[in-house]
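Everything in the sequence shown is counted per UniProt numbering, starting at 3 for the first residue and increasing by one. We put the CB at the ideal spot given by N, CA and C, even for glycine. Since the structure is predicted, the reported quantities are computational estimates derived from the model, not experimental observations.
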Amino acid sequence: STQDLQKIIAGRRAAEFVQDDMVVGIGSGSTIAHVITALGERVANENLKIVGVPTSEKTRRNAAKLGIPMYNVDDVDKIDLTIDGADQVADDFSAIKGGGAALLWEKIVAFNSRENIWVIDQTKRVPKLEQYLPVEVIPYGSEQLFKRFTADGFHPTWRLDQNGNPVRTDSANFLIDLHLPVIEDPRALGEELIGMVGVVEHGLFTDVVNQIVIGHENNVEIIKA
Ligand code: DER
């Protein structure tokens with residue numbers, strides 16, 4: 003589809019920001035899969051010297067399979083550049099992430115990176131964040147949290163796998179997806195959510211990104227935050 007093509011050209015363009023000797027945070031999702039493929043080709047064909055830090059076990063496996071040495075975030079001094087995807091990126095450079103159930107490790111890696119780049123296809127661009135917000139919660143007490151989200155008008159739903167069982171994140175937590183109208187103040191909402199006992203992390207990413215790589219019909223747009 004054209005969206006897949008936009009992901010491919012944006013992913014391959016974003017991979018060009020990676021240079022020899024970098025420690026690279028590698029994101030999760032279908033767009034980043036094209037970044038991983040491009041980096042794997044450069045490791046194989048140009049002997050690119052990089053170390054990867056995964057934002058999910060799936061990314062660790064996919065990158066390692068392509069010959070990219072993978073280290074945990076605590077096994078490197080610092081991450082030079084993290085490239086990740088997003089579900090929505092607003093005009094103020096805030097984002098909603100978590101569609102791929104990796105938001106906690108993604109946020110940990112992002113906040114330990116000198117520079118962050120998000121790679122998206124143009125359908126992810128929105129004036130303001132809206133409609134959908136993943137929240138990672140500790141299983142114990144999550145039913146109580148769910149009821150509180152309902153009472154607060156957040157229209158929560160459990161993230162379920164194809165068998166209808168609650169998805170477990172790589173940290174063995176549950177995900178509750180909130181469904182809200184337009185999010186006018188992502189920072190305030192993020193602070194409200196993080197203050198709730200049992201909430202581990204949420205998918206609002208503000209004050210993080212440095213550059214956005216956007217795949218359009220026939221070109222790639224790069225915007226500095
Ligand atoms: O979970 C995330 O934030 C991922 O980056 C993901 O949602 C983006 O996924 P996509 O590149 O498959 O659209």
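Exercise. Do you know how far the Cα of Glu48 is from the Cα of Asp76?
Worked result: One-based indexing of the sequence shown puts residue 76 at position 74. One-based indexing of the sequence shown puts residue 48 at position 46. Each residue's alpha carbon lies about 28 Å from the other.
Exercise. Once you ignore the five residues that flank Pro71 on each side, which residues in its own chain have a CB closer than 6 Å to its CB?
Worked result: Position 69 of the sequence shown, counted from the first residue, corresponds to residue 71. Closer than 6 Å at the Cβ level, and outside the excluded window around Pro71, lie Val53.
Problem set entry | 6 Å CB neighbourhood of Gly100 in its chain, flanking five on each side removed | For this step, residue 100 is matched to residue 98 along the sequence shown. Around Gly100: Pro136, Gly205.
For this session: Write down every uninterrupted run of the beta strand (DSSP E) in the region 43-89 whose length is 3 residues or greater and which is fully enclosed by it, in chain order.
Result: For the region 43-89, whole beta strand (DSSP E) runs of length 3 or above, ordered along the chain, are 52-56, 81-86.
For this session: Would you check if the region 97-113 and the region 54-70 touch, i.e. whether three or more CB-CB distances between them fall below 8 Å?
Result: Yes, the region 54-70 is in contact with the region 97-113.
Exercise. Assuming Ala12 contacts Val121 under a Cβ cut-off of 8 Å, what Cβ separation, rounded to an integer in Å, is found between them?
Worked result: Numbered from 1 along the sequence shown, position 10 holds the residue referred to as residue 12. Numbered from 1 along the sequence shown, position 119 holds the residue referred to as residue 121. Your pair Ala12 and Val121 checks out as a contact, with CB atoms roughly 5 Å apart and the cut at 8 Å.
Exercise. What first and last residue would you give for the alpha helix (DSSP H) that runs through Val144?
Worked result: Along the sequence shown, one-based indexing puts residue 144 at 142. One point to set straight first is that residue 144 is Ser, not Val, in the sequence displayed. Unbroken alpha helix (DSSP H) run through Ser144: 144-153.
Problem set entry | Thr33: CB within 6 Å of a non-hydrogen atom of the ligand DER | Here the question's residue 33 lines up with position 31 in the sequence shown. Because some heavy atom of the ligand DER lies under 6 Å away, the Cβ of Thr33 counts as near it: yes.
Exercise. Do the region 196-215 and the region 140-156 touch if we need at least three Cβ pairs shorter than 8 Å?
Worked result: Judged by Cβ distances under 8 Å, the region 196-215 makes contact with the region 140-156, as three or more pairs qualify.
Exercise. In the structure shown, what three-state DSSP assignment does Thr159 receive?
Worked result: One-based indexing of the sequence shown puts residue 159 at position 157. If DSSP states are grouped into helix, strand and coil, Thr159 belongs with the strands.
Exercise. If Ala227 sits next to Phe95, beta carbons under 8 Å apart, how far is it from one beta carbon to the other, in whole angstroms?
Worked result: Taking the sequence shown and counting its residues from 1, the one referred to as residue 227 is at position 225. Taking the sequence shown and counting its residues from 1, the one referred to as residue 95 is at position 93. Sure, about 4 Å apart at Cβ, within 8 Å.
Problem set entry | DSSP three-state assignment for Ile185, whether helix, strand or coil | Walking along the sequence shown from the start, residue 185 turns up at place 183. Correct three-state label for Ile185: coil.
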